[in-house]
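Participant: The structure is given below, and queries will be raised subsequently.
Protein chains: 2
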Amino acid sequence: MTAGNLVQAIRDDREHGASELARQCLDGLADYARTIQVTDALVLKAGLIGLARRLQQARPAMAPITNLLANWLAAFERSSADTPEDIRNAATKAAEALIQESKEALSKAAANAVNLIGTGKTIITHSLSSTVFAVFEALAPRVRAIVTESRPPGEGRRLAAKLSALGITVEFISDQQMGIFVQNADVALVGADTIASEGTVINKAGTYLLALAARDRGIPFYVCFESFKCSKLAPAAIPLEHNDPAEFDPPELPHVEAHNVYFDVTPSKLVTAWITEARVFNERAALARLTSA
Amino acid sequence: MTAGNLVQAIRDDREHGASELARQCLDGLADYARTIQVTDALVLKAGLIGLARRLQQARPAMAPITNLLANWLAAFERSSADTPEDIRNAATKAAEALIQESKEALSKAAANAVNLIGTGKTIITHSLSSTVFAVFEALAPRVRAIVTESRPPGEGRRLAAKLSALGITVEFISDQQMGIFVQNADVALVGADTIASEGTVINKAGTYLLALAARDRGIPFYVCFESFKCSKLAPAAIPLEHNDPAEFDPPELPHVEAHNVYFDVTPSKLVTAWITEARVFNERAALARLTSA
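Chains B and U are the protein sequences, given in the same order. Everything in the first sequence is counted per the working numbering, starting at -15 for the first residue and increasing by one. Everything in the second sequence is counted per the working numbering, starting at -15 for the first residue and increasing by one.
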């Protein structure tokens, strides 16, 4: 894949969550380092740094992309490699190490959620988070799920299929039923695309509604994420993605404008606990180190 | 249409709101009175009363059907008609009078909402309510609308088309975006299928989520309805409709059960004002006469 194609693919992807896309960026960067047809060391280095910076800008609402690529840039720029061969190796190794670190953080965050929630519970979730899926994987089949369709595009359908394959009993609902079904759950659990300052959750549109309904019904609302999802930015400084409304086939009519905002903002007052690879935070003040500038 | 077909048509209708269906019941009853091939007065009377009672049971979550048919039964049973001709006339006239009364109540309730809201505002709504549409009609084009798709089946698409035809500027969103767009509205306005005791709102699933988001954002949440939508029943005594999940095409998978609950329950604490043909109620206590046993 060319650099331009990689950036475009990351920008257009509506299937994968932020962590998964961040790993795809690193993987693409490693692939580019191995295969780019350049013989001059300086040109090679500049090409790799340029691609990393373009990938960082591709999805500004997804902190893991920004953060993991910043870590990659720091590691790569620290390296003393000066031959094309060494530069290719340094770039690839830095990417692979971060992919590994990211996967381990995901597993540890999921393990902390598993310890907190325990077996035999009913978990309601929205959207398809790889971290939340890892929690279900660890608890299967001694857990029940309530899964929202999560339109558009409806990634809840993919989650239902993955949970079904694990033998987990799933209640599948269209999004507007979440207010009814939340009271059948013991806990609401979501992932995050970004955690903004003070623990504000940026996640698939509808997450805020689930959090409101959980609070109103007295159901705990947990967010499980790797700490590289934390941004130092205030929520208002994070541009929410506006996607093509054609994704949900709106009517085309005079005076009617359709919108497709992908993320919504769940204020920290609605969050019962933030679960990371390091620990479970029950108060947003405790998150300060992760999300303050 | 035969009596059985009429009952089935009312039971299966997913397009129309509760008031509209109640009027269709009365209209069907009048049509049945005019056309049924019976010569015996007692059999005719019994047939009409039997049909009215079957229609009353067709949609237990829709108080207007129960209430308007109870009013029809009372008026019809009060009548001293004893020839087939007089019985047909009495049944038809009672139905026509109630249809007229229902339409006038709808207009007056909408007029009260228009007075409360005023021109130049942005109104967010969910589902397709004939009362809410009458409000938009009266304010057009000096009002803006935010319309949710309202799946399944998506009757917000029909509302968007009707508002477009009135020249009203519409922002059209998928349901899970309501938490984002509510803050662009001056007021949230919905209809109701039933108002249960103490002002609890039974309406299309998703209404509760809109009410929660409106409360969280400090946007007034108004419910506009004709007082024959009031039920003496407690919310828990009203069976919420479970429709065929096939309506939103859920995945068919082992261990996965899909649900399609049509109505949700919005507690009165989330309602800013109840608007009827009689007046605007700002406190649920004031509604007591309408909804207490």
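Just so you know, even glycine gets a beta-carbon here, dropped at the ideal spot from N, CA and C.
#1: Mapping DSSP to helix, strand and coil, what is I203(U)?
#2: For the stretch 120 to 127 of chain U and the stretch 91 to 106 of chain U, state whether three or more C-beta atom pairs, one from each stretch, are separated by less than 8 Å.
#3: Can the beta-carbon of V174(B) be found less than 8 Å from the beta-carbon of S113(B)?
#4: Please work out which residues of its chain come closer than 8 Å, Cβ to Cβ, to I179(U), disregarding the five sequence neighbours upstream and downstream, and give them in chain order.
#5: Of all the residues that make up the stretch 186 to 209 of chain B, which are near chain U by a beta-carbon distance shorter than 7 Å?
#6: D228(B) to L35(U), Cα distance in whole Å?
#7: Can you tell me where the alpha helix (DSSP H) with F308(U) in it begins and where it stops?
#8: Leaving out five residues before and five after F156(B) in sequence, what residues of the same chain have Cβ atoms less than 6 Å from its Cβ?
#9: Give me, in chain order, the residues of the same chain whose beta-carbon lies closer than 7 Å to that of A242(U); leave out the 5 immediate sequence neighbours on both sides.
#10: Chain U beta carbons: is any one of them nearer than 8 Å to that of E88(B)?
#11: Could you check which residue in P251(U), I33(U), Q41(U) has the C-alpha nearest to that of V278(U)?
#12: In the DSSP assignment, find the alpha helix (DSSP H) that holds N187(B) and state where it starts and stops.
#13: Let me know if E267(U) comes out buried or exposed under the rule of 16 or more other beta-carbons within 10 Å of its beta-carbon.
#14: Report the option in H226(U), V171(U), S181(U), D(-3)(U) whose CA atom is closest to the CA atom of V98(U).
#15: With distances taken between CB atoms, is the gap from A14(U) to T76(U) smaller than 8 Å?
#16: For L150(U), name the three-state secondary structure that DSSP assigns.
#17: Quick check: the stretch 90 to 97 of chain U against the stretch 64 to 71 of chain U, are at least 3 beta-carbon pairs closer than 8 Å?
#18: Rounded to the nearest angstrom, what separates V245(B) and F165(U) at their Cα positions?
#19: Which chain U residues sit within Cβ distance under 8 Å of M162(B)?
#20: Below 8 Å on the Cβ atoms is my guess for F247(B) versus D177(B); work out the distance and round it to an integer in Å.
#21: Between which two residues does the alpha helix (DSSP H) carrying R(-5)(B) extend?
#22: Is the Cβ of F156(U) closer than 8 Å to any Cβ of chain B?
#23: Within the 8 Å Cβ cut-off, does H226(B) reach chain U?
#24: Along chain B, in chain order, which residues have C-beta atoms closer than 7 Å to that of S126(U)?
#25: Does DSSP put T76(U) in a helix, a strand or coil?
#26: Short check: CB of L52(B) to CB of L82(B), under 8 Å?
#27: Could you tell me which chain B residues have their CB closer than 7 Å to the CB of H239(U), listed as they occur along the chain?
#28: Express the C-alpha separation of A6(B) and I33(B) in angstroms, rounding to a whole number.
#29: Taking Cβ to Cβ, would you say I152(U) is nearer than 8 Å to H0(B)?
#30: For T260(B) and E182(B), what's the separation of their Cα atoms in angstroms?
#31: For the beta strand (DSSP E) holding A129(B), just list the boundary residues, first then last.
#32: What residue from I(-6)(U), A221(U), E139(U), I222(U) has the CA that sits closest to E231(U)'s CA?
#33: Mind pulling the chain B residues with CB within less than 7 Å of R135(U)?
#34: What does F232(B) touch in chain U if you count any residue whose Cβ is under 8 Å from its own?
#35: Are the CB atoms of A2(U) and I49(U) within a distance shorter than 8 Å?
#36: Which residues in chain B have a C-beta closer than 9 Å to the C-beta of N244(U)? List them in chain order.
Facilitator: In brief:
#1: coil
#2: yes
#3: Against a cut-off of 8 Å, the Cβ pair of S113(B) and V174(B) comes out as a contact.
#4: A47, V185, I186, V207, F209, K213, C214, S215, W258, L271, L274, T275
#5: A189, G190, Y192, L193, L196, A197, D200
#6: 50 Å
#7: Residue 308(U) lies beyond the range of chain U shown here (-15 to 277); nothing can be said about it.
#8: Closer than 6 Å at the Cβ level, and outside the excluded window around F156(B), lie V131, A144.
#9: So the list reads P229, P234, once near-sequence residues are dropped.
#10: no
#11: Because chain U in this structure spans residues -15 to 277, residue 278(U) falls outside the shown range and cannot be described.
#12: Premise fails: N187(B) lies in the beta strand (DSSP E), 185 to 188, not in any alpha helix (DSSP H).
#13: exposed
#14: V171(U)
#15: The answer is yes: Cβ separation under 8 Å.
#16: coil
#17: no
#18: 9 Å
#19: L193
#20: 6 Å
#21: -13 to -4
#22: yes
#23: H226(B) does not count as touching chain U.
#24: Note that residue 126(U) is Arg in the sequence shown here, rather than Ser. Residues of chain B passing the Cβ test: none, with the nearest at roughly 13 Å.
#25: The answer is helix: DSSP assigns T76(U) an H, G or I state.
#26: yes
#27: S148, G151, I152, T153, V154
#28: 16 Å
#29: No, Cβ-Cβ distance for I152(U) and H0(B) is not below 8 Å.
#30: 14 Å
#31: Start and end: 128 to 132.
#32: E139(U)
#33: S158, Q160
#34: E133, S158
#35: yes
#36: I157, S158, Q161, listed in chain order.
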